[in-house]
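Single-structure report; data block below.
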Amino acid sequence: MTDEDLSKYIERYGDRLAIKAFCQQKSAALQRPGAKSSLMERVRAKLQGHRDKIFAGNMTGRNVGNKHASKETRRMEMGWLNFSDGNYHQVRAKHGGGTRHLCVQKTVTMEELLETGKDLFFSNGHSTKGPVDDFVFDIRDFSHKIVPPGCTVNELYEQTKIKMLRIYLCTQKKDEDSPKDVVLSDTSSDFEPSEDRPVKTRRKQRRAVRRHIRKYARKTGGDQLDPKSSDSDSSPRVLMENRGQGGESSDQSRPHSELNYIEILHSSPPDDAGNNLHQPTSSHGVEDDCLILAFSEEAEQLDDDSNPHLAQAINASLEDFEIQFGPHSGDDGASLDSTLPWNPETPNTYQHSTLSEGAGSSNNNQVFQTQPVKDIRYVTVRRINVVQDLIAVFMDPEVLSTELKMDLKNEKAYDSDGVSREVYSAFWELFLEQCEGEEERVPRLQPEFTQEHWKAVGRIWLKGYQDHGIIPIHLSPASVLACCQGVSSVDEELLMMSFNRFISEPERMAVDKALQNNMDDTTEEDLLDLFSRMGSHSLPSKDNLQASLLTMAHKVLIQEPKFIIDCFHSIIHNVVPSLTEKDNIMKLYESKKPTNRKVAQTIKPASDSLDPQQQSALNHLLRYVRSADQIKLEKFLRFCTGSTVLCKEKIEVTFNRLSGLSRRLVAHTCGAVLELPCTYRSYPEFRAELDNILSGDCYTMDIL
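Position 145 of the sequence shown, counting from 1, maps to 145 under full-length UniProt numbering, and the rest follow consecutively.
This is the structure in structure tokens:
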């Protein structure tokens with residue numbers, strides 16, 4: 001249509017130009033291909049380009065695009081295994097070991113890496129295990145097999161086909177014998193028994209027995225067990241003692257307090273199953289048979305010729321079993337059925353189940369001679385009434401010369417020091433609640449307590465310290481020093497220090513401000529309340545304030561409990577030689593007081609090699625201990641050891657994989673062992689469970 005024809009319909013020229021431009025744009029858009037077709041074309045182009053790249057890659061080689069294939073170096077890890085006690089143990093980072101990350105050339109040999117490991121773990125030729133010249137070195141792979149010195153890193157990668165190579169620098173003292181079979185501590189066998197573990201040699205067995213005997217002799221004090229150290233295959237014999245003459249009296253008729261026990265334990269071999277003279281009555285069966293030999297202090301030594309049956313029953317080879325002293329605690333209660341009393345009248349009845357017929361005629365030259373130990377006294381106390389029950393036991397002065405075995409009524413536990421520590425801790429907890437003071441407390445006179453009652457409390461303090469190292473650290477050290485060495489031994493410095501901890505925190509702040517001449521109305525009111533409670537009705541002048549406070553401290557710490565101090569003094573005086581001076585008592589209090597750092601240092605895992613879950617659980621436990629306040633820290637220590645003070649050098653941590661409702665922390669107070677689940681997903685989850693456990697007023701003994 002021309003412009004003239006269009007003018008008939010549209011009069012204005014500008015409108016006609018706009019319509020023409022619009023029509024031209026529409027026609028151009030219709031001539032272009034559609035959006036759908038253009039999209040398909042782009043997809044086809046990409047697919048074709050991808051095929052071209054694949055084809056080109058197959059033609060150029062398989063290593064194109066692999067950056068590690070073109071590098072000349074490889075990454076790897078190096079650890080440190082040190083040989084000690086017959087096994088290899090991985091050295092942790094805090095002892096100078098840990099895992100080191102290296103980036104080395106592919107052509108580096110193991111011999112060169114050996115020198116690198118010496119530079120890493122033996123800085124300047126020294127380490128925590130000793131100087132470098134004292135060790136023999138080799139390199140082992142991740143499976144703990146020795147790697148040849150000429151093997152390169154690239155060859156080891158090609159052989160193992162693992163993503164990250166890990167090797168170990170293994171060290172061993174030059175004067176130690178090389179092990180034929182090596183048990184490595186970073187395997188799973190640290191926590192579970194394995195049938196693949198090698199059997200100890202005879203020499204190591206005899207050494208282990210001698211260590212057990214020396215440890216028992218140190219623990220009992222008066223006992224001296226003299227094992228004749230020899231590498232021969234002869235079997236030691238035990239000389240037993242029996243009260244009376246001619247074996248007329250029976251051990252079963254004696255009270256428990258007159259018996260001492262030595263357990264001889266071993267596993268019954270399968271071929272001797274039919275020769276057992278004693279079968280356990282429990283339906284669960286027992287893994288270990290044991291023979292308990294009881295003897296008394298005042299008996300005479302049995303002669304080998306006069307009682308050949310005794311020699312035959314006792315003369316057992318150390319090469320076949322181990323000797324343990326004290327109670328044998330197994331995984332179940334059925335093992336109690338295999339505990340037999342020794343009766344000299346019928347020695348053939350209670351022979352050990354696995355003794356061979358010729359055991360009695362073996363070498364009789366080696367002898368263990370035992371001397372009598374303290375009489376054992378069994379005591380049962382009620383937890384809710386522990387103060388009265390324990391005082392009633394210690395009313396007898398002879399209790400200090402006996403060995404106490406505690407038992408909590410209606411609770412399942414065997415006392416191997418753990419129950420005794422719990423009883424002493426429960427006693428002092430309830431007893432201190434009846435004393436005067438805040439942070440440090442002083443006993444107060446009670447109408448129902450006579451002189452004998454206070455002497456009994458002094459015996460409890462002395463017996464707990466002598467047997468288990470337990471003292472009530474919240475009892476004022478000024479009063480304790482007066483009990484040990486008399487009232488005149490307490491100086492003004494110790495008196496004021498104890499008095500500051502005796503009063504409350506606001507009163508302590510008021511006293512400090514008054515001594516600094518910085519008194520205000522609030523401080524003056526607090527001081528007036530303090531002096532009124534102590535028996536004074538007016539404030540002293542600034543010049544006489546120090547002397548008045550000293551007089552007040554002497555009154556509440558020394559004068560008021562003077563009768564109690566005298567009763568304690570008659571029991572404790574000169575009994576403990578180490579508590580003769582003020583410095584010794586303050587050092588004792590400082591060593592027994594638990595702190596976050598001290599408790600964290602006592603926590604040790606049963607093995608140095610931990611998997612990630614176990615390490616995470618251990619980190620949660622250490623974090624909890626380091627962030628706990630004083631009250632929670634004492635509760636945790638009592639949960640693990642039975643005592644609120646530091647009386648064990650180590651809290652051993654083992655791991656389990658309990659989960660769900662069965663997951664819980666289990667403490668064995670006798671050995672200070674804590675079973676820690678390693679299935680916690682976060683620290684708040686762990687903290688909530690442990691807070692719930694420690695929030696209880698007491699912890700029931702429910703494990704035999």
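The C-beta atom is built at its ideal place from N, Cα and C for all residues, glycine as well.
Under the assumption that residue i contacts residue j (Cβ atoms under 8 Å), give the Cβ distance between them as a whole number of angstroms.
| i | j | result |
| --- | --- | --- |
| Thr128 | His89 | Actually they are not in contact, since the Cβ atoms of Thr128 and His89 sit about 12 Å apart, beyond 8 Å. |
| Ile651 | Thr641 | 7 Å |
| Leu400 | Phe427 | Not really, about 16 Å apart at Cβ, beyond 8 Å. |
| Met406 | Val387 | At roughly 14 Å, the Cβ-Cβ gap does not stay under 8 Å, so Met406 and Val387 are not in contact. |
| Pro605 | Leu637 | Wrong, their Cβ atoms sit about 18 Å apart, outside the cutoff. |
| Cys678 | Ala617 | 4 Å |
| Arg444 | His474 | About 14 Å; that fails the 8 Å criterion. |
| Arg687 | Tyr624 | 6 Å |
| Gly458 | Cys567 | 6 Å |
| Met76 | Arg166 | 7 Å |
| Lys409 | Val381 | 7 Å |
| Ala510 | Leu530 | 7 Å |
| His569 | Leu495 | About 17 Å separates the two Cβ atoms, so there is no contact after all. |
Sort out for me which residues DSSP pairs residue i with in a bridge.
| i | result |
| --- | --- |
| Gly117 | DSSP, once it has assigned bridges, lists no residue as partnering Gly117. |
| His668 | Val673 |
| Trp80 | Leu169 |
| Lys405 | Tyr378 |
| Glu436 | Val442 |
| Thr109 | Thr152 |
| Val556 | Bridge partners of Val556: none, in fact. |
| Ser127 | Gly130 |
| Thr654 | Glu675 |
| Thr73 | Gln105 |
| Lys604 | Glu652 |
| Arg100 | Met78 |
| Ile146 | Arg140 |
Quick check on this structure: which residue in the options has the alpha carbon closest to the alpha carbon of residue i?
| i | options | result |
| --- | --- | --- |
| residue 758 | Val653, Pro677, Tyr680 | Since the first and last residues shown for the chain are 1 and 704, residue 758 lies out of range. |
| Glu581 | Met76, Val487, Asp85 | Val487 |
| Ile603 | Leu120, Asn619, Asp583 | Asn619 |
| Arg533 | Met552, Val457, Asp583 | Met552 |
| Thr73 | Asn154, Phe499, Ser123 | Asn154 |
| Lys118 | Thr107, Val673, Gly150, Asp134 | Asp134 |
| Tyr168 | Asn124, Arg92, Val381 | Arg92 |
| Ile631 | Pro684, Gly696, Asp608 | Gly696 |
| Gln159 | Asp611, Phe142, Lys174 | Phe142 |
| Asn82 | Ser416, His144, Val393 | His144 |
State the start and end residues of the unbroken beta strand (DSSP E) segment that holds residue i.
| i | result |
| --- | --- |
| Thr380 | 376 to 381 |
| Asn87 | 87 to 90 |
| Asp138 | 135 to 140 |
For a cutoff of 7 Å on Cβ pairs, would you count residue i as touching chain C?
| i | result |
| --- | --- |
| Leu81 | Checking the listed chains, one finds no chain C in this structure; it contains a single protein chain. |
Just to confirm the assignment, what range does the alpha helix (DSSP H) spanning residue i have?
| i | result |
| --- | --- |
| His620 | 612 to 627 |
| Val386 | 386 to 393 |
| Ala514 | 505 to 515 |
| Asp529 | 521 to 533 |
| Asp583 | 582 to 592 |
| Asn500 | 492 to 502 |
| Pro477 | 477 to 485 |
| Leu563 | Strictly speaking, residue 563 in this sequence is Phe, with Leu absent from that position. Counting along the chain, the alpha helix (DSSP H) containing Phe563 begins and ends at 562 to 572. |
| Arg687 | 683 to 694 |
| Asp3 | 3 to 7 |
| Cys647 | No alpha helix (DSSP H) holds Cys647; DSSP gives it neither H nor E. |
| Tyr680 | Taken as a continuous stretch (DSSP letters only), Tyr680 belongs to no alpha helix (DSSP H), as it is neither H nor E. |
| His468 | 451 to 468 |
Are residue i and residue j touching if we call contact CB-CB under 7 Å?
| i | j | result |
| --- | --- | --- |
| Thr152 | Thr116 | no |
| Ile470 | Tyr424 | yes |
| Ile571 | Lys455 | yes |
| Glu492 | Leu432 | no |
| Val136 | Gln172 | yes |
| Asn536 | Glu438 | Just to set this straight, residue 536 is Ser in the shown sequence, not Asn. No, these two residues do not count as a Cβ contact at 7 Å. |
| Ser479 | Leu404 | no |
| Lys138 | Cys103 | Here residue 138 turns out to be Asp, not Lys, going by the sequence shown. Contact flag unset, no. |
| Asp526 | Glu507 | yes |
| His453 | Arg421 | no |
| Ile585 | Leu481 | yes |
| Phe122 | Trp80 | no |
| Lys587 | Leu646 | no |
Can you find a heavy atom of the ligand FAD that lies under 6 Å from the Cβ of residue i?
| i | result |
| --- | --- |
| Ala547 | Ligands are entirely absent from the displayed structure, and the ligand FAD is therefore not among its contents. |
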